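Okay, so here's the structure we're looking at.
Protein chains: 2
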Amino acid sequence: MGQYVAPIRDMQFVLHEFLNVSEEFKNLPAYQEIDADIINQVLEEGAKFTQEVLFPLNHSGDREGCHFDAATKAVTTPKGFKEAYKQYVEGGWAALACDPEYGGQGLPVSLNNSFYEMLNSSNQAWTMYPGLSHGAYECLKEHGTDEQKKLFLPKLVSGEWTGTMCLTEAHCGTDLGMLRSKAEPQLDGTYKISGSKIFISAGEHDMSENIVHLVLARLPDAPEGSKGISLFLVPKFMVNADGSLGERNGIACGAIEEKMGIHANSTCQMNLDGAVGTLIGQPHKGLQAMFVFMNAARLGVGMQSLGLTEVAYQNALVYAKDRIQMRSLSGPKAPDKPADPIIVHPDVRRMLLTAKAFAEGGRALTSYIALQIDRELNHPDEEVRKEAAGEVALLTPIVKAFITDNGWIATSEAMQVYGGHGYISEWGMEQYVRDARINMIYEGTNTVQSLDLLGRKILMDNGAKLRAFGEKIKAFVEENGLDESMSEFVTPLGELGEKVTKLTMEIGMKAFQNPDEVGAAAVPYLRVVGHLVFSYFFAQMAKIALSKQDSDDKFYVAKLHTARFYFARLYPETAMLIRQARSGSANLLAMDVELF
Amino acid sequence: MGQYVAPIRDMQFVLHEFLNVSEEFKNLPAYQEIDADIINQVLEEGAKFTQEVLFPLNHSGDREGCHFDAATKAVTTPKGFKEAYKQYVEGGWAALACDPEYGGQGLPVSLNNSFYEMLNSSNQAWTMYPGLSHGAYECLKEHGTDEQKKLFLPKLVSGEWTGTMCLTEAHCGTDLGMLRSKAEPQLDGTYKISGSKIFISAGEHDMSENIVHLVLARLPDAPEGSKGISLFLVPKFMVNADGSLGERNGIACGAIEEKMGIHANSTCQMNLDGAVGTLIGQPHKGLQAMFVFMNAARLGVGMQSLGLTEVAYQNALVYAKDRIQMRSLSGPKAPDKPADPIIVHPDVRRMLLTAKAFAEGGRALTSYIALQIDRELNHPDEEVRKEAAGEVALLTPIVKAFITDNGWIATSEAMQVYGGHGYISEWGMEQYVRDARINMIYEGTNTVQSLDLLGRKILMDNGAKLRAFGEKIKAFVEENGLDESMSEFVTPLGELGEKVTKLTMEIGMKAFQNPDEVGAAAVPYLRVVGHLVFSYFFAQMAKIALSKQDSDDKFYVAKLHTARFYFARLYPETAMLIRQARSGSANLLAMDVELF
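Each protein sequence line maps, in turn, to chains A and B. Its first residue numbered 1, the first sequence is counted upward by one per residue in UniProt numbering. Its first residue numbered 1, the second sequence is counted upward by one per residue in UniProt numbering.
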């Protein structure tokens, strides 16, 4: 049933050598005492928990799935899930990156991030239960009333309660402006909420004693569209002033969905029938408040695909070393065996290295953005916070869309390494592909992400955020341009940087004439920028690796090879993407709908 | 549960206008009387059968799957499968393209091909039962003894019995040279065969009264490796001289696999325990005989993905016209509704057109190769037969790998059009993605296909087959080069032709130094050549469409748009692929295995 070993060495490389987080933490008052030892210790403990407790439940959870009992409206999670969750809560894992004010351990987001990669590698479906709680925690912490914070945050932090986000309705997913759920104000200041939600991940389950639903609904006097949506806190069980559980609230699961993957996570239809809720944030400003949650969730989805990419790679690698089939075209490599291990075949290498490079690039990117979040939230200098916030905004859609697209490619390639066995459930590889597929869809489809990047994050501020990030790249290119050993990395990086600038200006000009040009270019554009970021990070990692080629630690040789593979085999996608992004909207829109 | 309408208009365009088959058939004695009326009638009847009988069983078959009873070793297919098969046999569909000498209807392969597209669009898992029979028929017809033909062909032709190919063993799939199943000669001229096979599609089921297994095994005096493999006919039930069924033979299903998709097709472990078989063809020449079957199967797999591409496209299109969500960036297109149908959004168009173009290109390619098979088998002029055989050999791995890779992309894009609903089983889209995935693996993985194309079909004859096909392209480019309205198609076609020539020579030279260069380039190379073929065919189709722009039939306008989309959005992949194919083997092989 496969294996998972947390890639601690590479995580350490990224945190300590690529990002030098301990130095960064010295500038962040909350984290000044977080040194390399603490980081390494958390990584090791996290590895133990995920490898030993969660990974063994991944395949069985997929086969068993969740069960819904229509009579009691209860959802039963697969065998072992509840017990694993208890261990997670008792181990204090839920509280890792939460505020000590509410019982959290106060560790940095950038460390929690590595732990989340492990969680997702070992069991994406399981991880979605606590994963959504963390988003609810962040949203409440920023927008909740003191009362809400006092009653709910400590339990979300400890993990005793979990959270959900209730946005989608059957007729609206992307277009939340159309949502119909209603909230009637009551005399006591609460609201009675009625409506029907779909696709609510972890909406009902048996892992925690209460579930904190964050629900979007309309007040009676709400303006139409997305400006008339408010956010409410609707607990499964009412909570008394002393924190004890009260009555069952009028929100219940009506059914769970049969899905392509993530079978072990309950995807619920939630019916609200006069459920009691309290307002979070301002009336009609629910979407803005929810965006805190959604941005966290988008990064979380990127982490899911990073996790799947890594575990799929690891398993494919084991198989490729073990499975013997055919001889190498350049002569036997294992003459003592009846055939060579398939890892000798160039195309098997290509598939493995694709997954490996996507995992390592994704790890660098998500760790980088997590550190920027730490700076955004904790740096004493407002300018630094603002700059970090700009990068987080710019990179969030890239983490979500680029990494999940890559995860789809990587898991599929890793499965292909197995040949026919990859398609057979018991080998475990096809689950990774099925699980990976949802990540391109939920929390805003990858098309929505690309529009967010190109339309909102780049064109709306005339490219300021992109330019700021581009300046860093330019500085790196100039700094290393004369170093001959770096030219194989710096030259393509510099070229791509210039092409992105040109492409952005070109699309911006066209969009001025015709807004559809944004929609026509956005998806390939996002991937081009994703490659620019990967190129920049791989070049930096190659630089570190080059400086350590004399080391006994062969890790640096491997890192250098992976960077070379990236530039030789994955970077060339930009040649396609730029042509597509430049091809304009006419090839998409000129044909009448009736002619399809 | 979705819909399927056989794309008869486009099939007619391909057969009558693009290929002009009726004219071609006049040169083929066996088919001289097959005119457009007959063709259209078969297409219409085929559409009825597949739309009304098979398509309604596709989703239910996936949900139900096959069941294996360990006590009786029997496999039960999903509800309705048996009855549909009875209708298929009674309708004479199994016999469509079979030789009248054995009860066949003697229709051309190129017509059967269109019917197979419909079968696969409506139900790939079901189609694999009769689909494999046809391959067994072709193999027996070419290599069987008179006795074998007399006893088995009429029943395979009528469809009363089905066929399988029993190649793979647990330790060898691609590398059949390692297979261990043994055949002991008996005094009566038969053989007793023992061994264990895996991944035998339709190896056991309840749809026909007998199953004809074609089994690879080793004779006692067999040389080692792939030159010591013989092919045997092993029926499930022995067949008496009068054609009646005799005793149960010693071949039985041991288990069926749980898979990612094609749940309704039984993937069997088959155990042979002294099963009685008769030799097909020469001793130790089993692989050559099997290649007839395998080549047919490879084309069949391409048809599977073409079918899935088409049906996924159709459903995504219906959804995209119906689902309203957000406004067009360039202003409301359906102001009377609360939002616009999502087909107004450029990126939804991109996804739809990707599937549409891959379907139409795939249809042109598979129909073209089917016609070449008709010529190869029936043309009175040996030169023509030889030329046709060369094209069939060249294009077979492209049909298998290029169309199945495209099918994976297309079904995934079509699913993405549905947003979250695409991931939910009841909408039917995720099944297409899961079913499509196996097609990249079985009958020789797509890597194996690429090695077959580049190594065997191109480099081994110094590019003669590719050059012959390239001459046709060159002639077309020259003929249309001065036609301004054609330049948007002819220019990129001509450029790609030249690039393929250069690329082939370059790889050939490198391979001379290092055979691993073939393996390092093969996969992207195959896709480049696939695009060359698609470019050639889309340019030809565009030419026909251009000549009919004054027609009332808006079909030609749509065809022209689709060709334009292809060149603007899909053809640019060649810019990436050529870079990848040229990047050499070092980026794959330089890293030591231990460093992965």
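Glycine included, each C-beta is placed from N, C-alpha and C at the ideal position. Everything numeric in this text was worked out from a predicted model, so none of it was measured.
Below-8 Å beta-carbon distance, B/P572 vs any chain A residue: Here the question's residue 572 of chain B lines up with position 572 in the second sequence. Output row for B/P572: interface = yes.
Helix, strand or coil at A/H284 according to DSSP, with G and I counted as helix: Translated into positions along the first sequence, residue 284 of chain A becomes position 284. Looking at A/H284 - three-state DSSP - the assignment turns out to be coil, as it is neither helix nor strand.
Neighbour-count burial assignment, B/R350, 16 or more Cβ in a 10 Å radius: In the second sequence, the residue the question calls residue 350 of chain B occupies position 350. The residue in question, B/R350, is buried, as its Cβ has 16 or more Cβ neighbours within 10 Å.
Inter-residue Cα distance where the pair is B/L329 and A/G281: Your numbering for residue 329 of chain B matches position 329 in the second sequence. Your numbering for residue 281 of chain A matches position 281 in the first sequence. In a straight line, the C-alpha of B/L329 is about 30 Å away from that of A/G281.
Nonlocal neighbours in the same chain, by C-beta distance under 6 Å from A/L353, ignoring five residues either side: Counted from its first residue, the first sequence places residue 353 of chain A at position 353. Taken in chain order, the residues that qualify are F565.
8 Å Cβ cut-off: residues of chain A touching residue 602 of chain B: Here chain B covers residues 1 to 596 and nothing more, so residue 602 of chain B does not appear.
Pick from A/L287, A/E224, A/G250 that is closest to A/L231, judged by C-alpha positions: Taking the first residue of the first sequence as 1, we reach residue 231 of chain A at position 231. Shortest Cα-Cα distance from A/L231 to any of A/L287, A/E224, A/G250 involves A/L287.
Within-8 Å CB hit, A/C172 to chain B: The count along the first sequence starts at 1 and reaches residue 172 of chain A at position 172. At least one chain B Cβ lies under 8 Å of A/C172.
Chain-order list of residues whose beta-carbon lies under 6 Å from that of A/Q580 (same chain, five-residue window excluded): Within the first sequence, numbered from 1, the residue matching residue 580 of chain A stands at position 580. P524, listed in sequence order.
Nearest-angstrom Cα separation, counted from B/G195 out to B/S181: Residue mapping note: residue 181 of chain B aligns to position 181 of the second sequence, counting from 1. Residue mapping note: residue 195 of chain B aligns to position 195 of the second sequence, counting from 1. In a straight line, the C-alpha of B/S181 is about 4 Å away from that of B/G195.
Anticipated Cβ contact below 8 Å, A/A393 with A/A355, distance rounded: Here the question's residue 393 of chain A lines up with position 393 in the first sequence. Here the question's residue 355 of chain A lines up with position 355 in the first sequence. With 8 Å as the limit, A/A393 and A/A355 do not qualify as a contact, their Cβ atoms being about 29 Å apart.
Endpoints, the beta strand (DSSP E) within which A/M165 is located: Looking up residue 165 of chain A in the first sequence gives position 165. Where A/M165 is concerned, the enclosing beta strand (DSSP E) starts and stops at 161–166.
Every unbroken alpha helix (DSSP H) within the region 409–461 of chain B, with a cutoff of 4 residues, ordered by chain: 429–438, 446–451
Contacts that A/F199 makes with chain B (C-beta to C-beta distance below 7 Å): As a working note, residue 199 of chain A is residue 199 in the first sequence. Going along chain B in sequence order, the residues near A/F199 (Cβ under 7 Å) are G420.
Residues that A/H213 bridges to, as DSSP identifies them: On the first sequence, position 213 is the one that residue 213 of chain A refers to. DSSP output for A/H213 lists A/T164, A/V234 as bridge partner(s).
Cβ contact check for the region 191–205 of chain B and the region 264–271 of chain B: 3 or more pairs under 8 Å: yes
Span of the beta strand (DSSP E), counted from its first residue to its last, around B/G246: As a working mapping, residue 246 of chain B is identified with position 246 in the second sequence. Residues 245–248.
Residue-chain proximity (A/N587, chain B), Cβ-Cβ < 8 Å: Position 587 of the first sequence holds residue 587 of chain A. Judged by the 8 Å Cβ criterion, A/N587 is in contact with chain B.
Residue(s) in a DSSP beta bridge with B/C172: Position 172 of the second sequence, counted from the first residue, corresponds to residue 172 of chain B. Beta-bridge partners assigned by DSSP to B/C172: B/E169.
Length at least 4, wholly inside the region 88–148 of chain B: the alpha helix (DSSP H) runs in chain order: 109–143
Residues near B/C172 in its chain [Cβ-Cβ closer than 6 Å; skip 5 each side]: Counted from its first residue, the second sequence places residue 172 of chain B at position 172. Counting only Cβ-Cβ distances below 6 Å, and skipping sequence neighbours, we find M178, L179.
Cβ contact (3+ pairs, closer than 8 Å) linking the region 72–87 of chain A and the region 286–306 of chain A: no
Endpoints, the alpha helix (DSSP H) within which A/S208 is located: In the first sequence, counting from the first residue as 1, residue 208 of chain A sits at position 208. That residue, A/S208, is in no alpha helix (DSSP H); it is neither H nor E in DSSP.
C-beta neighbour in chain B for A/Y441, strict 8 Å: Counted from its first residue, the first sequence places residue 441 of chain A at position 441. With the sequence shown as reference, residue 441 of chain A is identified as Ile, and Tyr is not the correct amino acid for it. A/I441 counts as touching chain B.
Rounded straight-line distance, which links the Cα of B/N378 to that of B/E169: Within the second sequence, the letter at position 169 stands for residue 169 of chain B. Within the second sequence, the letter at position 378 stands for residue 378 of chain B. Going from the Cα of B/E169 to the Cα of B/N378 covers about 36 Å.
Chain-order list of residues whose beta-carbon lies under 6 Å from that of A/A545 (same chain, five-residue window excluded): Along the first sequence, read from residue 1 onward, the residue named residue 545 of chain A stands at position 545. Closer than 6 Å at the Cβ level, and outside the excluded window around A/A545, lie Y556, K559, L560.
A/M11 versus A/E594 - alpha carbon distance: Here the question's residue 11 of chain A lines up with position 11 in the first sequence. Here the question's residue 594 of chain A lines up with position 594 in the first sequence. If you take the alpha carbons of A/M11 and A/E594, they lie about 52 Å apart.
Coil, strand or helix - B/P332 by DSSP: Along the second sequence, read from residue 1 onward, the residue named residue 332 of chain B stands at position 332. In the structure shown, B/P332 falls within a coil segment according to DSSP collapsed to helix, strand and coil.
Touching by the beta-carbon criterion (3+ pairs, under 8 Å), the region 326–344 of chain B and the region 509–529 of chain A: yes
A/H205 classed as buried or exposed, judged by whether at least 16 other C-beta atoms fall within 10 angstroms: One-based indexing of the first sequence puts residue 205 of chain A at position 205. Using a 10 angstroms sphere on the CB of A/H205, the tally of other CB atoms reaches 16 or more, which defines it as buried.
Cβ pair count under 8 Å reaching 3, the region 255–264 of chain B against the region 60–76 of chain B: yes
Distance between A/E478 and A/K543 (C-alpha atoms, nearest Å): Along the first sequence, one-based indexing puts residue 543 of chain A at 543. Along the first sequence, one-based indexing puts residue 478 of chain A at 478. Roughly 14 Å separates the two Cα atoms.
Neighbourhood of B/R298 by C-beta, 8 Å cutoff - its chain only, sequence neighbours within 5 removed: Against the second sequence, residue 298 of chain B aligns to sequence position 298. T396, P397, V399, K400, E443, G444, Q449.
Straight-line gap, A/L245 to A/Q148 (C-alpha atoms, nearest Å): Position 245 of the first sequence, counting from 1, holds the residue named residue 245 of chain A. Position 148 of the first sequence, counting from 1, holds the residue named residue 148 of chain A. About 14 Å.
In DSSP terms, what A/K192 is bridged to: On the first sequence, position 192 is the one that residue 192 of chain A refers to. Answer by DSSP bridge pairing, in chain order: A/E184, A/V276.
Option nearest A/Y313 by Cα separation, candidates A/N113, A/S122, A/A74, A/P56: The sequence position of residue 313 of chain A within the first sequence is 313, counting from 1. Considering only alpha carbons, the answer is A/S122.
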